[in-house]
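One structure is given below, encoded as structure tokens.
Residue numbers (the numbering used here): 130 to 194.
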């Protein structure tokens, strides 16, 4: 399956832009399924950067980092 860059809609008046710069995202929850989300983000979207991982159990967040 091929992916393409899509326009991003902003809340500041409905402007539409194409995101050419890396976008930082955070993952909330570092349980079993989070590893699948992380792998998919890295593999499918070249402009996404995971900048943080959060979990109620600090050790789980550290293990995914």
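Positions of the beta carbon are idealized from the N, C-alpha and C atoms, including for glycine.
The alpha helix (DSSP H) spanning residue 167 covers which residue range? 161-173
Straight-line CA distance for residue 172 to residue 157? 19 Å
CB-CB under 8 Å to residue 152, same chain, minus the five flanking residues each way: which ones, in chain order? 176, 177 and 178
For the alpha helix (DSSP H) containing residue 188, name the first residue and the last one. Start and end: 187-193.
For residue 180, which residues of its own chain have a beta-carbon under 8 Å away from its beta-carbon, when the five flanking residues on both sides are left out? 153, 154 and 155
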